[in-house]
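Input: a single structure, listed below in structure tokens.
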Amino acid sequence: MVTPDRLAALFKAYHTPLLRFLTRRLGDRDEAEEIAQETFVRALKQETIASERSWLFAVASNLVRDEARRGARERKRHDLLRVREEAESSVEPEPTSMEREEDRALARQAIEMLGERDRDALLMREEGLGYEEIAEALDLSLASVGTTLSRARRRLMEAYESLQQERSAERA
Amino acid sequence: MIDRPMDPTEHPDEGSIHAWLDDALSAAEAEALAAHVRTCAECQARVAEARGLIAGASRIVSALDDSPASTRPGWAQSADAAGGASAAGSVSVASAPVVEGSMWRWLRVTPGRAAIAATILVAIGITLTYDRAAVDSTPRSASVFINPQKADMPAATSPEGGASEAAKPRDALLDSAIAKNVTIAQGRRVLEPARGPSVPVAPPPTTTLQSPAAAGAGEAVALGRAAEHAQREAAGVAAADRSRTAITGAVASLPATASPALRGAPSVANAPSQGQTPANDAMMAKRTGDAVAAGCVLLDSPDANARWADRPFPLVLALDAGVAEQPRQAAVLTPAGETTELRAIWSPGAGDSVSIRLRRIGYSGSIALGPESGVRSGFATSAVAGSELEQVAVSPSAALRAERRADARKTEAAAAPEPTPAAGPPVRQLRVTARNVACPAR
């Protein structure tokens with residue numbers, strides 16, 4: 001059983017990067033926060049965790065996938081509810097410039113165009129996970145992590161540049 | 001890392017180059033690859049391209065963030081600055097075709113844009129001034145519009161309230177416009193004069209600023225409870241507890257100052273059925289079928305000075321009737337049954353977990369609860385969200401509001417020291433427990 005002290009240490013060490021990973025992955029801070037917390041709740045129930053960082057990112061990644069597999073109808077209903085709630089709330093979105101918002105939308109589109117494994121590997125690497133940790137979290141062989149990352153980076157760049165060109169053409 | 005020993009005459013594959021630039025190769029592998037790259041012009045170009053891909057991908061990923069790039073992990077920023085990984089530092093290769101950020105990314109807030117925004121603001125001010133003059137011929141400065149919030153709020157509830165505020169002339173047209181905007185913004189909230197400001201105020205410092213010792217002790221208690229809960233669940237004790245844990249326990253655990261209304265409420269344990277009733281069993285609702293009756297859940301925290309948004313625990317969630325496994329709206333009450341400004345959405349999740357999302361103007365927050373076994377354990381967070389009611393009231397478009405906020409951020413950023421990545425969690429995490437309770441009389 002993970003002790004409360006150990007869990008507190010885990011939370012302090014990994015909550016911020018895990019939340020950033022999930023926010024980048026999902027594009028929704030609230031949802032990311034809920035999954036991050038669920039991840040730590042699950043950690044509490046573990047007997048032992050060998051590689052803590054890779055375990056946390058793997059569980060979070062699996063929770064994201066589980067969430068994605070939920071029925072489309074349920075998601076749609078939930079989204080509608082959320083939209084309605086947000087419309088009722090006066091909380092403004094995070095203040096950003098229009099350009100940054102456009103940039104973020106392009107980046108979001110580009111990242112969504114990646115395969116799930118490529119995307120997870122890239123986002124985990126961006127959070128500082130080593131190749132061994134990524135291999136463990138995504139159940140990859142160590143030798144294939146470099147290939148996965150290089151493919152993810154190349155495709156991300158290509159997708160982003162393609163989207164940028166489309167936007168430029170639309171403006172022209 | 002590499003499947004087989006590298007042949008110095010063989011070109012490395014792209015994955016190996018990325019692994020090398022990511023400093024993920026062993027010393028021997030890195031040296032072999034570096035030796036090859038030194039003598040191979042083709043591979044130098046490939047290394048340069050890989051550096052560009054790494055830096056470019058990192059920038060795209062960072063564009064997903066709400067926060068500025070300066071709050072990204074230090075290693076990522078240094079990787080950007082270096083245009084690649086450190087492993088290549090000792091190798092002389094062609095300069096990488098690093099994908100530079102577009103110039104417009106560096107020109108988000110320009111003097112020209114600021115001037116345009118200022119011009120638009122002045123134009124709006126002038127327009128409103130003329131409109132107002134049609135109703136009230138008394139000339140006033142356009143600057144009054146910049147701070148409608150103060151004009152809207154009663155002097156007694158204004159943060160800067162006082163005689164001088166109360167003595168200021170009020171503008172019927174402006175007040176009407178502001179009231180309309182606030183009404184739209186606040187939705188179905190009931191504004192009661194006795195409750196204080198109609199706009200969010202910063203929570204007491206204890207919400208986010210607490211002595212480390214106190215916070216640590218509180219967390220330790222909560223974590224201990226959660227661990228005990230997990231142990232009991234594993235031992236099968238929870239199932240037995242479930243039949244006897246009910247409102248009695250929840251009420252007994254309330255502080256002495258808790259509402260008599262709640263303490264005097266009929267216990268589910270004493271009910272004729274000796275079990276969970278549909279009306280009261282809010283947490284078990286998802287197991288009772290499609291239709292779920294309204295019910296209440298007591299949220300409590302062992303942490304000192306624990307608050308959710310600006311409300312101290314314990315709190316009672318009054319869940320609306322709904323459908324099992326679907327999100328349900330909830331009002332947030334005090335244990336005495338008083339309505340608060342807080343609302344929430346109760347969303348059952350996978351594995352019998354539950355997430356509760358805070359709905360409170362000016363705040364964001366959530367609670368994640370583990371599986372139910374008489375009592376749920378979990379974490380709560382809440383933080384002040386930037387409230388921009390002043391701008392909501394006067395700005396004609398979201399684009400302009402965004403421009404103004406960007407300008408304000410720029411000013412703040414110039415005045416404030418360079419932010420550094422937070423060492424710990426950004427907001428205080430509270431341990432919470434949730435139990436079914438009978439709904440207090442409202």
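Those protein sequence lines, which keep their order, are chains A and B.
For the first sequence, the numbering used here gives the first residue as 1, with consecutive numbering after it.
For the second sequence, the numbering used here gives the first residue as 1, with consecutive numbering after it.
All residues carry an ideal CB built from backbone N, CA and C; glycine is no exception.
Rounded to a whole number of angstroms, what is the C-alpha to C-alpha distance between residue i and residue j?
i, j, result
"P169 (chain B)", "D30 (chain A)", "Unreliable positioning characterises P169 (chain B) in this predicted model, as indicated by a pLDDT of 46, which lies under 50. The coordinate reading is nonetheless provided below. Cα to Cα, the separation comes out at about 42 Å."
"Q37 (chain A)", "E42 (chain B)", "48 Å"
"R357 (chain B)", "Q326 (chain B)", "14 Å"
"S162 (chain A)", "G27 (chain A)", "21 Å"
"A123 (chain B)", "A32 (chain A)", "41 Å"
"K45 (chain A)", "V2 (chain A)", "7 Å"
"E10 (chain B)", "R51 (chain B)", "20 Å"
"V354 (chain B)", "P4 (chain A)", "21 Å"
"P371 (chain B)", "R154 (chain A)", "42 Å"
"I49 (chain A)", "A45 (chain B)", "42 Å"
"R442 (chain B)", "D310 (chain B)", "20 Å"
"A430 (chain B)", "F11 (chain A)", "The identity of residue 430 (chain B) in the sequence shown is Leu, whereas the question assumes Ala. Taking the straight line joining both Cα atoms gives about 12 Å."
"A9 (chain A)", "L19 (chain A)", "16 Å"
"A79 (chain B)", "I17 (chain B)", "Reliability of the predicted coordinates at A79 (chain B) is poor, the pLDDT of 41 falling under 50, and no value is obtained from them."
"Y131 (chain A)", "I120 (chain B)", "52 Å"
"R100 (chain A)", "E166 (chain A)", "17 Å"
"R117 (chain A)", "A58 (chain A)", "11 Å"
"V47 (chain B)", "A32 (chain B)", "14 Å"
"V384 (chain B)", "A143 (chain A)", "45 Å"
"A110 (chain A)", "L53 (chain B)", "14 Å"
"T39 (chain B)", "S26 (chain B)", "20 Å"
"L22 (chain A)", "E34 (chain A)", "10 Å"
"E47 (chain A)", "V375 (chain B)", "22 Å"
"L63 (chain A)", "V332 (chain B)", "28 Å"
"A304 (chain B)", "P312 (chain B)", "10 Å"
"W104 (chain B)", "C439 (chain B)", "For W104 (chain B), the pLDDT reaches just 43, beneath the cut-off of 50, and the residue's location in the model is therefore unreliable, although a value from the coordinates is still provided. Between W104 (chain B) and C439 (chain B), the C-alpha separation is close to 56 Å."
Would you please verify whether the beta carbon of residue i is less than 9 Å from any beta carbon of chain B?
i, result
"V64 (chain A)", "no"
"E34 (chain A)", "yes"
"E170 (chain A)", "no"
"I111 (chain A)", "yes"
"E116 (chain A)", "no"
"V41 (chain A)", "yes"
"R20 (chain A)", "yes"
"R167 (chain A)", "no"
"D120 (chain A)", "no"
"T185 (chain A)", "Because residue 185 (chain A) is not part of the residues shown, which for chain A are 1 to 172, the question remains open."
"A58 (chain A)", "no"
"L156 (chain A)", "yes"
"D30 (chain A)", "yes"
"L140 (chain A)", "no"
Comparing C-alpha positions only, which one of the options sits nearest to residue i?
i, options, result
"V432 (chain B)", "B:A438, B:P440, B:S377", "B:S377"
"A55 (chain B)", "A:L142, A:E170, A:L122, A:R6", "A:L122"
"A330 (chain B)", "B:N305, B:L299, B:I17, B:W20", "B:L299"
"A13 (chain A)", "A:G128, A:T147, A:I35, A:R151", "A:G128"
"G146 (chain A)", "B:C439, B:D13, B:E29", "B:D13"
"S150 (chain A)", "B:I120, B:W20, B:L430", "B:W20"
"E338 (chain B)", "B:D23, B:I345, B:L317", "B:L317"
"A324 (chain B)", "B:A306, B:I120, B:A291", "B:A291"
"Q164 (chain A)", "A:V59, A:E47, A:E102, A:L7", "A:E102"
"T381 (chain B)", "B:G374, B:S26, B:S366", "B:S366"
"L319 (chain B)", "B:V384, B:W308, B:A293, B:A304", "B:A293"
"R435 (chain B)", "B:E31, B:A321, B:S373", "B:S373"
"G349 (chain B)", "B:Y363, B:A368, B:V332", "B:A368"
"W346 (chain B)", "B:A28, B:A34, B:G295", "B:G295"
Taking C-beta to C-beta, are residue i and residue j nearer than 9 Å?
i, j, result
"P314 (chain B)", "P335 (chain B)", "yes"
"R328 (chain B)", "E341 (chain B)", "no"
"M124 (chain A)", "S61 (chain A)", "yes"
"R65 (chain A)", "D65 (chain B)", "no"
"A68 (chain A)", "M113 (chain A)", "no"
"T16 (chain A)", "G15 (chain B)", "no"
"A34 (chain B)", "D23 (chain B)", "no"
Taking only beta-carbon atoms, is residue i less than 9 Å away from chain A?
i, result
"V61 (chain B)", "yes"
"H36 (chain B)", "no"
"Q44 (chain B)", "no"
"H11 (chain B)", "no"
"F379 (chain B)", "yes"
"A24 (chain B)", "yes"
Requested in this report: Could you tell me whether the region 105-121 of chain A touches the region 58-66 of chain B, using the rule of 3 or more Cβ pairs below 8 Å?
Outcome: Taking one beta carbon from each stretch, the region 105-121 of chain A and the region 58-66 of chain B have 3 or more pairs nearer than 8 Å; the two touch.
Query raised in the report: Counting Cβ pairs, one atom from each stretch, are 3 or more of them under 8 Å apart for the region 131-139 of chain A and the region 51-67 of chain A?
Result: Touching, yes, given that three or more Cβ pairs across the two stretches are closer than 8 Å.
Query raised in the report: Does the region 113-122 of chain A come within contact of the region 41-48 of chain A, defined as at least 3 CB pairs closer than 8 Å?
Result: Between the region 113-122 of chain A and the region 41-48 of chain A, the count of Cβ pairs shorter than 8 Å is below three; the stretches do not touch.
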